[in-house]
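Q: So the protein lines, in turn, are chains Z and C.
By numbering that gives the first Met the number 0, the letter at position 73 of the first sequence is numbered 72, and the numbering carries on one by one without gaps.
By numbering that gives the first Met the number 0, the letter at position 81 of the second sequence is numbered 80, and the numbering carries on one by one without gaps.
Each residue gets a CB set at the ideal place from its N, CA and C atoms; glycine is no exception.
Treat the numbers as computed from the prediction; the structure is a model and nothing was measured.
Just passing along the structure, written as structure tokens.
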Amino acid sequence: MVRWFMSLAAVVLGASVASAEVRLQGAGATFPNPIYQRWVTEYQKSHPDVKIDYQSIGSGGGIKGITEKTIDFAGSDAPMSKKELDAAGAPVVHIPTVAGSVVLAYNLPGFKGELKLTGPIVADIYLGKITRWNDAAIAAINPGVRLPASAITPAWRTDGSGTTFVFTNYLATQSDQYKETVGAGKQVKWPVGQGGKGNEGVTAVVQGTPGAIGYIEVNYANANKIPHALMQNKDGKYVKATPESVAAAGAGAVQQMDKSLAVDIWNQPGADSYPIAAFTYIIVYKDLGYLKDGAKAKALVDFLGWATTTGQSLASEMDYAPLAAPVQAKVKEAIGGLIWDGKPVLAAN
Amino acid sequence: MPATAPAQIELPPPAPPQSRRRREWSSIMQDRGLRLSSDTVLSWLTRGSSLAILGMLVTLLVVLTIAAVPSMKAYGLSFLTSSEWRPNELEQPRRGPDGKVVMEDGELVIETLPPQFGALPVIYGTAVSSALALLFAVPLSLGAALFLVRIAPRIKVSAPVSFLIEFLAAIPSIAYGIWGLFVLVPFLQGVEMSLHQSLAHVPGLHWMFYSTLQVGTSTVERPIAMTGRDMLCGGLILGIMVLPIITAVSRDVLSAVPRAQIEGTQALGATWWQSSWEMLRYSRSGLFGAIMLGLARASGETMAVTMVIGNNNQIVLSPFAPAQTMSSLLANEFAEASSELHRSALVQVALILLLMSLAFNVAARWLVVGKEARTAAAH
């Protein structure tokens with residue numbers, strides 16, 4: 000018995016000594032989780048000595064983790080607020096990894112063709128000012144299609160989420176009344192409609208309620224084949240959410256990326272840009288000293304570099320928008336600025 | 000201890016009589032200079048365990064209270080009476096007393112409204128959904144308990160039926176939720192839609208199908224969308240979930256009714272129904288305790304309710320309107336609550352929920368145990 004225990008202990012000890020591998024722990028946003036998991040799998044194929052673990056616990060949890068330095072990198076859909084930056088204590092770097100978009104999914108039984116919507120109309124629907132599908136404002140931009148007279152039930156997320164953050168921030172640019180009465184944030188108090196928890200909850204409301212409209216991530220809408228509306232962009236064009244149109248929105252925002260890469264890419268100019276889009280970020284400290292291990296710092300920088308270049312080719316097939324070339328250049332610069340022991344990690348290689 | 004333990008396991012001879020074995024044990028202990036008797040050790044271990052459990056409850060209360068302090072400071076008692084739950088900040092142009100926007104140097108003055116947290120809608124949601132649950136579950140449970148005590152033993156189905164009812168209690172909450180979402184919700188939606196068509200214009204029932212809301216500065220009336228995810232569905236799911244516990248406890252309470260009591264009523268010429276009523280009346284405080292236990296479970300139940308109640312922080316009288324309970328609020332919002340005040344407000348909701356459940360459980364225990372003691376005294 001005793002001998003058995005000892006041999007077991009020896010095996011366990013031996014195993015942990017033998018693996019001198021580098022472990023990186025990340026946590027945060029759920030939206031990019033599918034592609035992060037894919038990246039980790041692919042990256043580890045060529046780097047078997049690096050173990051990366053990403054837990055999708057929510058952006059808030061990720062930011063909390065990196066602030067308390069209990070994780071090595073955080074995933075977040077929303078950039079850190081000024082308050083959160085102050086709490087972090089040291090300069091942090093936001094690295095855009097992919098962009099995503101929010102679409103307006105609808106349930107109109109018998110409706111054929113493509114529904115077009117504008118920002119102000121969507122704002123009025125969510126404010127409870129537009130109540131029927133055959134409202135004059137909707138009919139005016141959808142000539143030649145018959146819209147039913149049924150009531151509109153707006154559906155929204157009940158849990159705090161990056162999706163709501165992007166959607167509400169976009170609406171705030173479209174309607175002053177919306178901005179002043181509902182406002183923007185990861186979670187807001189909606190005056191009308193039905194709530195659902197998560198993309199799946201909102202989708203359930205939309206699919207189960209004739210006349211409903213709801214905002215969900217484009218990946219989720221495509222995976223479940225839910226029709227979604229064309230949105231009018233800043234240039235007045237009606238655009239469908241595709242990896243290309245969202246990447247175009249990201250490219251449109253590149254001139255704002257002077258100091259921080261955390262920029263808003265909703266409502267961007269450009270004939271092809273889809274208006275309700277946002278980057279999702281990996282957040283690390285500029286000085287990687289908190290990792291307490293040079294090998295970890297090197298591995299993290301290498302993984303980030305790989306994900307934002309080679310890894311980008313996986314984005315489109317998973318319905319994320321890849322980073323446009325000018326954005327990639329900015330990201331490369333930012334990763335080059337990460338330091339370990341006073342020196343840039345990349346230059347040391 | 001760890002070094003000697005395996006050796007001792009090998010020592011005892013095969014199946015010695017109980018008394019001899021005990022003597023051997025103590026003599027081994029004494030041989031090795033261990034004067035501590037096993038009784039003393041066990042007694043301290045059990046004391047430690049019970050204190051640890053008590054300690055957990057106390058630390059839970061302390062930790063929750065400390066975490067809820069920022070919210071208590073910010074809102075005080077108005078936390079319980081305010082129905083505004085808005086986790087985001089609002090930027091509005093400042094308006095003067097005349098309702099016009101204030102201009103300074105030709106520019107709008109923008110003021111930021113801080114987040115606002117009030118728990119009244121979720122307290123209301125918890126109270127109403129639990130009440131609905133009891134409304135569905137109590138008659139069914141009492142009926143089933145009476146059957147189990149009075150009829151089932153005669154036709155020899157007591158054990159299998161009891162087993163099935165107790166099995167219901169072991170089904171995980173999420174399984175009820177999924178069943179609710181895919182079976183109950185579509186069913187209720189169909190029922191509600193036909194109710195809407197047939198009853199919406201009946202005078203006096205208007206409130207069931209319409210809700211009023213604030214759009215800008217005007218109040219408008221809107222038909223409630225019949226989605227099946229509403230207070231009624233939440234109450235129904237909870238009712239099904241508390242059914243086993245109320246049934247099981249009621250069965251035990253009813254079977255504790257002294258035989259003499261039942262036979263006495265029958266001797267006086269009571270019909271089966273009258274003697275059953277007498278049983279229920281006799282054990283009413285115990286049954287009330289069973290219901291309180293069900294209430295405690297209903298008010299704290301989370302996952303299944305979150306999936307079917309519609310999750311809207313509002314107070315609308317209609318059972319067809321979506322609502323939110325305290326526990327579903329926590330399930331929805333805790334993961335992404337990033338501001339300290341939001342977190343603290345949620346913790347305060349959790350604290351209220353904990354204290355409520357505690358009160359229900361204490362009341363139930365007092366009623367059930369009190370009844371049993373009285374019954375025992377009657378024998």
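Given a limit of 9 Å on CB to CB distance, which residues of the stretch 99-114 of chain Z reach chain C?
A: Result list empty, no residue passes.
Q: Quick one: complete beta strand (DSSP E) runs, 3+ long, within the stretch 154-230 of chain Z?
A: Whole beta strand (DSSP E) segments, 3+ residues: 193-195 and 211-216.
Q: Return the CA-CA distance between methionine 102 of chain C and proline 92 of chain C, expressed in angstroms with no decimal places.
A: The residue given as residue 102 of chain C occupies position 103 in the second sequence. The residue given as residue 92 of chain C occupies position 93 in the second sequence. Cα to Cα, the separation comes out at about 9 Å.
Q: Answer with buried or exposed for proline 142 of chain Z, where buried requires no fewer than 16 other C-beta atoms within 10 angstroms of its C-beta.
A: Position 143 of the first sequence, counted from the first residue, corresponds to residue 142 of chain Z. Looking at its Cβ environment, which holds fewer than 16 other Cβ atoms inside 10 Å, proline 142 of chain Z is exposed.
Q: Determine, for serine 90 of chain C, whether the minimum Cβ-Cβ distance to residues of chain Z falls below 9 Å.
A: Here residue 90 of chain C is taken as the residue at index 91 of the second sequence, counted from 1. It should be pointed out that residue 90 of chain C corresponds to glutamate in this sequence rather than to serine. By this cut-off, glutamate 90 of chain C is an interface position.
Q: Which partner residues does histidine 93 of chain Z have in the DSSP bridge list?
A: Mapped onto the first sequence, residue 93 of chain Z falls at position 94. Answer is Z:Ile282.
Q: What residues match up with leucine 89 of chain C in a beta bridge as DSSP calls it?
A: Mapped onto the second sequence, residue 89 of chain C falls at position 90. Leucine 89 of chain C is bridged to C:Leu112.
Q: Less than 9 Å between the beta carbons of methionine 230 of chain Z and tyrosine 219 of chain Z, yes or no?
A: On the first sequence, residue 230 of chain Z is found 231 positions in, with the first residue counted as 1. On the first sequence, residue 219 of chain Z is found 220 positions in, with the first residue counted as 1. Result no, Cβ atoms of methionine 230 of chain Z and tyrosine 219 of chain Z do not sit closer than 9 Å.
Q: Using the Cβ count rule (16 or more neighbours within 10 Å means buried), how would you classify histidine 227 of chain Z?
A: Within the first sequence, numbered from 1, the residue matching residue 227 of chain Z stands at position 228. Flag for histidine 227 of chain Z reads buried.
Q: Ignore the nearest five residues each way along the sequence and tell me which others in asparagine 198 of chain Z's own chain have a CB closer than 6 Å to its CB.
A: One-based indexing of the first sequence puts residue 198 of chain Z at position 199. Excluding residues within five positions, the ones whose Cβ falls inside 6 Å are Ile215, Glu216 and Tyr219.
Q: I'd like to know whether the C-beta of alanine 336 of chain C is nearer than 9 Å to at least one C-beta of chain Z.
A: To locate residue 336 of chain C, count along the second sequence from 1; it is residue 337. Closer than 9 Å to some Cβ of chain Z, the Cβ of alanine 336 of chain C qualifies, so yes.
Q: Leaving aside the five residues before and after arginine 98 of chain Z along the sequence, list all residues of the same chain whose C-beta is less than 6 Å from its C-beta, in chain order.
A: Taking the first residue of the first sequence as position 1, residue 98 of chain Z is located at position 99. Sequence inspection shows alanine at residue 98 of chain Z; the arginine mentioned does not correspond to that position. Cβ within range, chain order: Val245, Gly249, Ala276, Phe278 and Ala320.
Q: When burial is assigned at 16 or more other CB atoms within 10 Å of the CB, is isoleucine 244 of chain C buried or exposed?
A: Within the second sequence, the letter at position 245 stands for residue 244 of chain C. Flag for isoleucine 244 of chain C reads buried.
Q: Could you tell me the boundaries of the alpha helix (DSSP H) in which alanine 86 of chain Z lies?
A: Locating residue 86 of chain Z in the first sequence gives position 87, where the first residue counts as 1. Taken as a continuous stretch (DSSP letters only), the alpha helix (DSSP H) holding alanine 86 of chain Z covers 81-87.
Q: My understanding is that tryptophan 206 of chain C touches leucine 316 of chain C, with C-beta atoms under 8 Å, so please give their C-beta distance in whole angstroms.
A: Here residue 206 of chain C corresponds to residue number 207 of the second sequence, with the count starting at 1. Here residue 316 of chain C corresponds to residue number 317 of the second sequence, with the count starting at 1. Confirmed, Cβ separation roughly 6 Å.
Q: Decide if phenylalanine 30 of chain Z is buried, meaning its Cβ has at least 16 other Cβ atoms within 10 Å, or exposed.
A: Mapped onto the first sequence, residue 30 of chain Z falls at position 31. Its Cβ being crowded by 16 or more others within 10 Å, phenylalanine 30 of chain Z is buried.
Q: Please report the straight-line C-alpha distance between isoleucine 122 of chain C and methionine 325 of chain C, rounded to a whole angstrom.
A: Taking the second sequence and counting its residues from 1, one reaches residue 122 of chain C at position 123. Taking the second sequence and counting its residues from 1, one reaches residue 325 of chain C at position 326. Whole-angstrom Cα-Cα distance: 6 Å.
Q: Throw me the rounded Cβ distance for the proline 58 of chain Z and glutamate 106 of chain C pair, which I believe falls under 8 Å.
A: Numbered from its first residue, the first sequence carries residue 58 of chain Z at position 59. Numbered from its first residue, the second sequence carries residue 106 of chain C at position 107. Reading the sequence as shown, one finds serine at residue 58 of chain Z and not proline. At roughly 34 Å, the Cβ-Cβ gap does not stay under 8 Å, so serine 58 of chain Z and glutamate 106 of chain C are not in contact.
Q: Below 8 Å on the Cβ atoms is my contact criterion, and I expect asparagine 133 of chain Z with alanine 148 of chain Z to pass it. Report the Cβ-Cβ distance as a whole number of Å.
A: As a working note, residue 133 of chain Z is residue 134 in the first sequence. As a working note, residue 148 of chain Z is residue 149 in the first sequence. Indeed, because the Cβ distance is near 5 Å, the residues count as touching under 8 Å.
Q: The stretch 201-230 of chain Z: which residues have C-beta closer than 8 Å to a C-beta of chain C, in chain order?
A: Answer set for the stretch 201-230 of chain Z: Ala203, Val204, Gly207, Thr208, Gly210 and Ala211.
Q: At what residues does the beta strand (DSSP E) containing tyrosine 53 of chain Z begin and finish?
A: Locating residue 53 of chain Z in the first sequence gives position 54, where the first residue counts as 1. Its beta strand (DSSP E) spans residues 49-55.
Q: Can you list the alpha helix (DSSP H) stretches of 4 or more residues lying completely in the stretch 180-212 of chain C, in chain order?
A: List check, alpha helix (DSSP H) in window: 184-198 and 205-208.
Q: Does DSSP put alanine 2 of chain C in a helix, a strand or coil?
A: Start at 1 with the first residue of the second sequence, and residue 2 of chain C comes out as number 3. Note that alanine 2 of chain C has pLDDT 45, beneath the 50 cutoff, so the model's placement of it is unreliable and the number below is only indicative. Correct three-state label for alanine 2 of chain C: coil.
Q: Going by beta carbon distance, what residues of the same chain come within less than 7 Å of glycine 60 of chain Z, once the five residues before and after it are set aside?
A: Along the first sequence, one-based indexing puts residue 60 of chain Z at 61. So the list reads Ala26 and Gly27, once near-sequence residues are dropped.
Q: Rounded to the nearest angstrom, what separates leucine 329 of chain C and alanine 259 of chain C at their Cα positions?
A: Working through the second sequence from its first residue, we reach residue 329 of chain C at position 330. Working through the second sequence from its first residue, we reach residue 259 of chain C at position 260. The straight-line gap from Cα to Cα measures roughly 50 Å.
Q: Along the chain, where does the beta strand (DSSP E) that runs through serine 217 of chain C open and close?
A: Counting from 1 along the second sequence, the entry for residue 217 of chain C is found at position 218. It spans 217-222 - the beta strand (DSSP E) in which serine 217 of chain C sits, taken as one unbroken run.
Q: Rounded C-beta distance between isoleucine 151 of chain Z and isoleucine 124 of chain Z? I'm assuming under 8 Å.
A: One-based indexing of the first sequence puts residue 151 of chain Z at position 152. One-based indexing of the first sequence puts residue 124 of chain Z at position 125. 6 Å between Cβ atoms; contact.
Q: Evaluate the contact criterion for the stretch 176-186 of chain C versus the stretch 281-299 of chain C: three or more CB pairs, one atom per stretch, below 8 Å.
A: No, the stretch 176-186 of chain C is not in contact with the stretch 281-299 of chain C.
Q: Would you list, in chain order, the members of the stretch 306-322 of chain C that have their beta-carbon closer than 8 Å to a beta-carbon of chain Z?
A: Taking 8 Å as the Cβ-Cβ cut-off against chain Z, the residues of the stretch 306-322 of chain C that qualify are Met306, Gly309, Asn310, Asn311, Asn312 and Pro321.
Q: Strictly below 7 Å CB to CB, what residues from chain Z border glutamine 188 of chain C?
A: Against the second sequence, residue 188 of chain C aligns to sequence position 189. Here the neighbours are Gly207.
Q: I'd like to know whether the C-beta of proline 31 of chain Z is nearer than 9 Å to at least one C-beta of chain C.
A: By 1-based counting over the first sequence, the position of residue 31 of chain Z is 32. No, its Cβ sits nowhere closer than 9 Å to a Cβ of chain C.
Q: Let me make sure I understand the geometry here. Which of Z:Ala122, Z:Ala138 and Z:Ser100 has the alpha-carbon closest to that of lysine 115 of chain Z?
A: Reading the first sequence from its first residue, position 116 is the one you call residue 115 of chain Z. With distances taken between Cα atoms, lysine 115 of chain Z lies closest to Z:Ala138.
Q: Measure the CB-CB distance between glycine 238 of chain C and valine 304 of chain C and report whether it falls below 9 Å.
A: Residue mapping note: residue 238 of chain C aligns to position 239 of the second sequence, counting from 1. Residue mapping note: residue 304 of chain C aligns to position 305 of the second sequence, counting from 1. No, they are not a contact pair.
Q: Mind listing which residues of the stretch 144-164 of chain Z have their C-beta closer than 8 Å to chain B's C-betas, in chain order?
A: This model lacks chain B altogether, as its protein chains are Z and C.
Q: If glycine 200 of chain Z sits next to lysine 185 of chain Z, beta carbons under 8 Å apart, how far is it from one beta carbon to the other, in whole angstroms?
A: Residue mapping note: residue 200 of chain Z aligns to position 201 of the first sequence, counting from 1. Residue mapping note: residue 185 of chain Z aligns to position 186 of the first sequence, counting from 1. 16 Å between Cβ atoms; not a contact.
Q: Methionine 55 of chain C: buried (16+ other C-beta within 10 angstroms of its C-beta) or exposed?
A: Along the second sequence, read from residue 1 onward, the residue named residue 55 of chain C stands at position 56. With fewer than 16 Cβ atoms within 10 Å of its Cβ, methionine 55 of chain C is classed as exposed.
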